[in-house]
Amino acid sequence: MATEQSQKLITITPKAAEKIKEFMTEEKDSPKFLRIYVQGGGCSGLSYGMGFEKAAEEDDLTIEENGVKVIVDSSSQDHLKGANVDYIESLMGSGFKINNPNVTKSCSCGSSFSTE
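Residue 920 is where the sequence shown starts when you use my numbering, and the numbers rise one by one after that.
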């Protein structure tokens, strides 16, 4: 299990960290990590995924920020380099927002993207 030493792969804002910790305490199986990943799908080719995990896999990179341990698998790391995870609350709804500098194209609904 690698640990991030140099440039930040992902930044977690304080508001997002607060919400992640809140959601983790509500989980029955007491997860230790938030997994953020990129998978194929959507009209632009890729989409984000998030979920809780009890343990990291061998090829995962572990990042700790604002009291939250995040794991990212090796195939998602290039797509997420420099990304920022925030939690947005507005009249239109609330949820996690990933601001990713690697995105070159996204669909109109914002749920999928592509990178070069």
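Ideal Cβ placement from N, Cα and C applies to all residues, glycine included.
Keep in mind the model is a prediction, meaning the values are calculated, not measured.
Straight-line Cα distance separating residue j from residue i
i        : j        : result
Val-989  : Ile-982  : 5 Å
Thr-944  : Pro-1020 : 31 Å
Leu-1010 : Val-1022 : 26 Å
Asp-978  : Ala-1002 : 19 Å
Glu-984  : Gly-1014 : 19 Å
Met-969  : Asp-992  : 12 Å
Ile-980  : Ile-931  : In the sequence on display, residue 980 carries Leu and not Ile. Each residue's alpha carbon lies about 15 Å from the other.
Tyr-1006 : Lys-1000 : 19 Å
Endpoints, the alpha helix (DSSP H) within which residue i is located
i        : result
Ala-975  : Neither: Ala-975 is in no alpha helix (DSSP H) and is coded neither H nor E.
Ser-1009 : Counting along the chain, Ser-1009 falls outside any alpha helix (DSSP H), though it belongs to the beta strand (DSSP E) covering 1002 to 1009.
Lys-993  : According to the sequence shown, residue 993 is Ser rather than Lys. Segment 993 to 999, the alpha helix (DSSP H) holding Ser-993.
Integer Cβ distance of residue i from residue j, believed to fall under 8 Å
i       : j       : result
Pro-950 : Lys-973 : 6 Å
Residue i versus the options, residue with shortest Cα-Cα distance
i       : options                                : result
Ser-994 : Glu-937, Thr-932 and Val-957           : Val-957
Asp-997 : Lys-934, Ser-1013, Glu-976 and Ile-955 : Ile-955
Phe-952 : Gly-960, Phe-942 and Gly-959           : Phe-942
For residue i, the first and last residue of its enclosing beta strand (DSSP E)
i        : result
Leu-953  : 952 to 959
Phe-930  : Before going further, note that residue 930 is Thr rather than Phe in the sequence given. Its beta strand (DSSP E) spans residues 929 to 931.
Ser-1013 : 1012 to 1018
Proximity of residue i and residue j at Cβ, strictly below 8 Å
i        : j       : result
Phe-971  : Glu-946 : yes
Ile-1017 : Tyr-967 : yes
Gly-1012 : Lys-940 : no
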